[in-house]
Structure formats: structure tokens, C-alpha cells
């Protein structure tokens with residue numbers, strides 16, 4: 001997920017220095033949707049450069065210590081593949097999809113299909129969870145509450161996904 005974030009931020013033009021990207025992630029609370037450390041961030045930045053998905057730019061001045069990066073055509077293609085892959089993930093708390101939405105304006109053509117998939121999967125999860133609540137009367141109290149909360153969470157997401165879909169298909 002961290003490589004996806006880096007590619008998205010570079011494509012978005014947030015900054016070209018690793019420190020700028022990391023600062024942007026911190027000040028915009030990306031840590032609410034993904035766990036990362038400074039070390040994991042810089043490791044992934046290096047790996048992306050090694051794979052040719054980003055490239056180093058010439059130093060702005062002779063004494064510049066920071067390395068600037070830009071996304072390559074291969075990086076854009078990789079970003080789009082990851083966008084579609086993470087957009088199809090429907091975890092109990094769909095954090096991967098939330099991260100995809102951070103970059104929705106960079107691949108809006110992919111969103112209607114991904115949102116339809118999220119809607120279908122969420123509807124199935126609601127139905128299965130409600131069936132479990134109805135047909136399993138001896139669930140421990142906390143588990144029943146967890147399942148009830150899960151249904152409420154999925155219903156809220158379902159409404160949100162439907163509203164988002166309407167904005168991309170109108």
C-alpha cells in the first residue's frame with residue numbers, strides 16, 4: 001500500500017522530495033488509513049526507483065542534498081493496476097478502498113466499476129451477517145453486538161458508495 005501512496009502522491013504533484021511526500025502524508029493524516037513508518041516509507045521509495053516506477057531527477061543546485069523524484073510511465077501503469085486491485089478489496093473495514101479514494105481524481109474512469117463491486121460485496125455482507133444474527137441465537141453477547149455493529153457499518157458504507165457512484169455516473 002505504501003508504494004501505491006507514493007506513486008499517487010508523485011502523480012498528484014504533491015512534491016518531489018521524499019521528505020515533502022512524507023510530510024504531506026503526516027499533515028493530511030494518512031496514518032488514519034494506513035500504518036507506515038519513516039523507514040518503511042524510504043525503503044519503498046528506494047524500491048520504486050530500483051524498479052523503474054519512479055526516477056531520480058537532477059539536483060536543483062550543486063549543493064542539494066535531497067533527491068527529487070518523478071513518476072515514470074511504468075509507474076503510472078503500475079499505479080492504475082494497484083488502483084484497480086485495491087479498489088476491489090472489500091475488507092470488514094475497507095481501508096484499501098478508502099486509500100484508493102484519496103486519489104479518485106487520478107483515475108475517475110475506474111471508479112464506477114469499483115464502486116459497483118463495493119456495493120455488491122457490501123450487500124452480500126449485510127445479508128450474510130443478518131442471516132447469522134437471525135439463525136444463530138446462541139451467539140455470545142459481545143459477538144452479537146459486533147455483528148449488529150458490522151451491519152450498521154456496512155449499511156452506512158452502502159449509502160455512501162451509492163452516493164459516490166451517482167457522482168461518477170451522472
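Numbering (full-length UniProt numbering), first residue to last: 1 to 170.
Note that CB positions come from ideal geometry on N, CA and C, so glycine has one too.
- Residue pairing from DSSP places residue 17 in a beta bridge opposite 68.
- Residue 34 carries a coil assignment under DSSP once its states are collapsed to helix, strand and coil.
- Residue 48 and residue 68 have their C-alpha atoms roughly 13 Å apart.
- Here residue 165 carries a helix assignment [DSSP, helix/strand/coil].
- Bounds of the beta strand (DSSP E) holding residue 56 are 54-57.
- Per DSSP, reduced to three states, the secondary structure at residue 159 is helical.
- In the DSSP assignment, residue 131 falls within the alpha helix (DSSP H) that extends over 111-135.
- Remark: C-beta atoms of residue 2 and residue 95 do not approach each other more closely than 8 Å.
- For residue 1, the three-state secondary structure derived from DSSP is coil.
- Boundaries of the alpha helix (DSSP H) around residue 81: 73-87.
- Separation of residue 9 and residue 85 (C-alpha to C-alpha, rounded to the nearest whole angstrom) is 18 Å.
- For residue 144 and residue 105, the gap between their C-alpha atoms comes out near 39 Å.
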